[in-house]
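Asker: So that you can map any letter, position 220 of the sequence shown is 314 in our numbering, and since no number is skipped, the others follow by simple counting.
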Amino acid sequence: MKQLTRVFILVFVVSFGILYLINHLNASEGYSGDKTVTIFNWGDYIDPALIKKFEKESGYKVIYQTFDSNEAMMTKIEQGGTTFDIAVPSEYAISKMKDENLLIPLDHSKLPNLKNIDSRFMDLPFDEKNKYSVPYFWGTVGIIYNKEMLNGKEITSWNDLWDKDLKNKILLVDGAREVIGMGLNSLNYSLNDRNKAHLVEAKEKLDKMTPNIKAIVGDEIKMLIANEEASVGVVWSGDAAEIMSENDKLDYVVPKEGSNLWFDNMVIPKTAKNMEGAYAFMNFMLDPENAAINTEYVGYSTPNKAALKYLPKEISSDTRFYPNPELTDKLEVYENLGKKMLAYYNELFLEFKMHSK
Ligand code: N2P
95 MKQLTRVFIL VFVVSFGILY LINHLNASEG YSGDKTVTIF NWGDYIDPAL IKKFEKESGY
155 KVIYQTFDSN EAMMTKIEQG GTTFDIAVPS EYAISKMKDE NLLIPLDHSK LPNLKNIDSR
215 FMDLPFDEKN KYSVPYFWGT VGIIYNKEML NGKEITSWND LWDKDLKNKI LLVDGAREVI
275 GMGLNSLNYS LNDRNKAHLV EAKEKLDKMT PNIKAIVGDE IKMLIANEEA SVGVVWSGDA
335 AEIMSENDKL DYVVPKEGSN LWFDNMVIPK TAKNMEGAYA FMNFMLDPEN AAINTEYVGY
395 STPNKAALKY LPKEISSDTR FYPNPELTDK LEVYENLGKK MLAYYNELFL EFKMHSK
């Protein structure tokens, strides 16, 4: 009997040991980062075929997660406990993350494809000499509208969105800077205004638009406009480009009072576990043919000059999505307004959202 108990204990201990070992090996494969690259990107912002291609060429497995605003992305990284090797913030978020010491400086010798980027998109004020970031996509904020559903009415200005005829017709992108910015721009204030009285004035003006607002939404905005469930949307340019290629009743305008010019860049957050994998992915996305595939799929504007020749002319010569420097110079890039001011923009945006429900 004693013998049997001993055998039992032995079997138990040995199988426990084996289980522990298997688990440990799996965990180190998943989390040590040797074999995986963990990417944190905006929703609908990559051609899934490129993830497959990268996995095949590099031998890494990609773990892919998405976010729908800079604020959500930063909160997640700031809170810690994540293992992202790559993230794709916009300019003001890059500047904020840099200040908070959340980014790793880049070794450009590991990014030979960086030479393909148009110099117009390099060395911008939010990240001089591209010490921490490399360009991914760029664009504007504007208004997409269905000419037929609006009976030929043209939209040219932010102030057109307060028109009584647009009752329950407008969808807004779910972004604090974009929506508060729309109020500011309509009053001819700067998108980087730090004057609280101006900000309150903008929010109160926005409150008056609520009867016209159908919903404030994320990536679904494209589907709703494409299916003609709404006739007007305040969107990022690439979302407009994607649906306009399928529906010629749609048009996109950057309002005459001005708007936002933005840049989304790839960075390596301090959370990275696989630096080599992160560089491999960045360099892969900077390859002209891959950048062109991604651009055609996603609809956004590529900063990759060498990629333009692989794109159909209708895309690369569409000045609504590839505006020339004369227009972009008139637009404003979001500045990092500091933690407190950004929190104030968010607060006003949340109040406005509550008001428009
Ligand atoms: C893609 C979101 C684009 C982000 N769905 C604009 N910065």
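Built from N, CA and C at the ideal position, the CB exists for glycine as well. Since the structure is predicted, the reported quantities are computational estimates derived from the model, not experimental observations.
(1) Could you name each continuous alpha helix (DSSP H) segment of 4 residues or more that falls completely within the stretch 239-291, going from the start of the chain to the end?
(2) Looking at the strands, I want to know which residues DSSP matches up with G233.
(3) Between Y230, V392, K399, which has its C-alpha nearest M379's C-alpha?
(4) If we ignore side chains and look at the alpha-carbon of each, how far apart do K263 and N253 end up?
(5) Leaving out five residues before and five after G137 in sequence, what residues of the same chain have Cβ atoms less than 6 Å from its Cβ?
(6) From the DSSP output, read off the bridge partner residues of V363.
(7) Whole angstroms are fine: how far does the CA of K407 sit from the CA of L255?
(8) Rounded to whole angstroms, what's the CA-CA distance from P349 to S251? Just pull it up for me.
(9) What three-state label does DSSP hand F415 in the structure shown?
(10) Looking only at its chain, what residues have a beta carbon closer than 8 Å to the beta carbon of K447, apart from the 5 residues adjacent to it on each side?
(11) With H, G and I counted as helix, E and B as strand and the rest as coil, what does DSSP make of D301?
(12) Can E370 and Y186 be called in contact, C-beta distance under 8 Å?
(13) According to the Cβ coordinates, are Y154 and V361 closer than 8 Å?
(14) Once you ignore the five residues that flank A121 on each side, which residues in its own chain have a CB closer than 8 Å to its CB?
(15) With a cut-off of 8 Å on the beta carbons, I'd call H202 and D301 a contact; round off their distance for me.
(16) Given 8 Å as the limit, is there contact between the stretch 286-305 and the stretch 201-218, that is, 3 or more CB pairs closer than that?
(17) Give a single yes or no on whether Y139 has its beta carbon closer than 7 Å to a heavy atom of ligand 1.
(18) If you count every other CB in all the chains shown that lies within 10 Å of the CB of E222, and 16 or more means buried, which is it?
(19) Tell me the DSSP secondary structure of E323 in three-state form.
(20) Using the three-state DSSP reduction, which class does F161 fall into: helix, strand or coil?
(21) Going by DSSP in three states, I140 sits in which element: helix, strand or coil?
(22) Could you give the distance in angstroms between the alpha-carbon of N195 and the alpha-carbon of K364?
(23) Among D257, D217, L436, which has the Cα closest to the Cα of T169?
(24) Please name the residue in F415, N282, A366 whose C-alpha comes closest to that of A181.
(25) Is it true that the stretch 323-335 meets the stretch 234-246, where meeting means three or more beta-carbon pairs spaced less than 8 Å apart?
(26) Over what stretch of residues does the beta strand (DSSP E) that includes D345 continue unbroken?
(27) Which residue from T176, S410, Y391 puts its Cα closest to that of A400?
(28) For I337, report the span of its alpha helix (DSSP H) as first-last.
Answerer: Straight from the coordinates:
(1) The stretch 239-291 contains these whole alpha helix (DSSP H) runs: 270-280.
(2) Working through the sequence shown from its first residue, we reach residue 233 at position 139. Its beta-bridge partners are W356.
(3) Reading the sequence shown from its first residue, position 285 is the one you call residue 379. Closest by C-alpha distance to M379, out of Y230, V392, K399, is Y230.
(4) If you number the sequence shown from 1, residue 263 lands on position 169. If you number the sequence shown from 1, residue 253 lands on position 159. When rounded, the distance between both Cα atoms is 15 Å.
(5) Here residue 137 refers to the residue found at position 43 of the sequence shown. Cβ neighbours of G137 beyond the five flanking positions: T160, D162, D313.
(6) Residue mapping note: residue 363 aligns to position 269 of the sequence shown, counting from 1. Here residue 363 turns out to be Pro, not Val, going by the sequence shown. P363 pairs with L197.
(7) For the purposes of this step, residue 255 is taken as residue 161 along the sequence shown, with counting starting at 1. For the purposes of this step, residue 407 is taken as residue 313 along the sequence shown, with counting starting at 1. So the two alpha carbons sit approximately 32 Å from each other.
(8) Your numbering for residue 349 matches position 255 in the sequence shown. Your numbering for residue 251 matches position 157 in the sequence shown. In this structure, the CA atom of P349 is about 4 Å from the CA atom of S251.
(9) For the purposes of this step, residue 415 is identified with residue 321 of the sequence shown, where counting begins at 1. In the three-state reduction of the DSSP assignment, F415 falls in the coil class.
(10) Residue numbering aside, residue 447 sits at position 353 when the sequence shown is read from its first letter. Only residues of its own chain outside the window of five on either side were considered, and among them I310 have a CB closer than 8 Å to the CB of K447, listed in chain order.
(11) Mapped onto the sequence shown, residue 301 falls at position 207. Helix at D301.
(12) For the purposes of this step, residue 370 is taken as residue 276 along the sequence shown, with counting starting at 1. For the purposes of this step, residue 186 is taken as residue 92 along the sequence shown, with counting starting at 1. In terms of Cβ geometry, E370 and Y186 do not form a close pair [threshold 8 Å].
(13) Numbered from its first residue, the sequence shown carries residue 154 at position 60. Numbered from its first residue, the sequence shown carries residue 361 at position 267. Cβ atoms of Y154 and V361: not closer than 8 Å.
(14) The residue labelled residue 121 in the question sits at position 27 within the sequence shown. Summary for A121: the model assigns pLDDT 42, below 50, so the residue's position carries little reliability; its value from the coordinates is reported in the next sentence. For A121, where only same-chain residues beyond five positions count, there are no Cβ hits under 8 Å.
(15) Translated into positions along the sequence shown, residue 202 becomes position 108. Translated into positions along the sequence shown, residue 301 becomes position 207. With a Cβ gap of about 47 Å, H202 and D301 do not count as contacting.
(16) With the cut-off at 8 Å, the stretch 286-305 and the stretch 201-218 do not touch.
(17) Residue mapping note: residue 139 aligns to position 45 of the sequence shown, counting from 1. Yes, since a heavy atom of ligand 1 falls inside the 7 Å radius drawn around the Cβ of Y139.
(18) Within the sequence shown, the letter at position 128 stands for residue 222. Classification of E222: exposed, given that the 10 Å Cβ count is below 16.
(19) Taking the sequence shown and counting its residues from 1, one reaches residue 323 at position 229. Secondary structure of E323 (DSSP, three-state): coil.
(20) Translated into positions along the sequence shown, residue 161 becomes position 67. Here F161 sits in strand by DSSP.
(21) The residue labelled residue 140 in the question sits at position 46 within the sequence shown. Here I140 sits in coil by DSSP.
(22) If you number the sequence shown from 1, residue 195 lands on position 101. If you number the sequence shown from 1, residue 364 lands on position 270. Approximately 8 Å between the Cα atoms of the pair.
(23) Numbered from its first residue, the sequence shown carries residue 169 at position 75. The shortest Cα separation from T169 among D257, D217, L436 belongs to L436.
(24) Start at 1 with the first residue of the sequence shown, and residue 181 comes out as number 87. A181 has its Cα closest to that of A366, out of F415, N282, A366.
(25) Contact between the stretch 323-335 and the stretch 234-246 is present, because at least three Cβ pairs lie under 8 Å.
(26) Looking up residue 345 in the sequence shown gives position 251. That run of the beta strand (DSSP E) goes 344-347.
(27) Locating residue 400 in the sequence shown gives position 306, counting from the first residue. For A400, the closest of T176, S410, Y391 by C-alpha to C-alpha distance is S410.
(28) Walking along the sequence shown from the start, residue 337 turns up at place 243. For I337, the enclosing alpha helix (DSSP H) stretches over residues 331-338.
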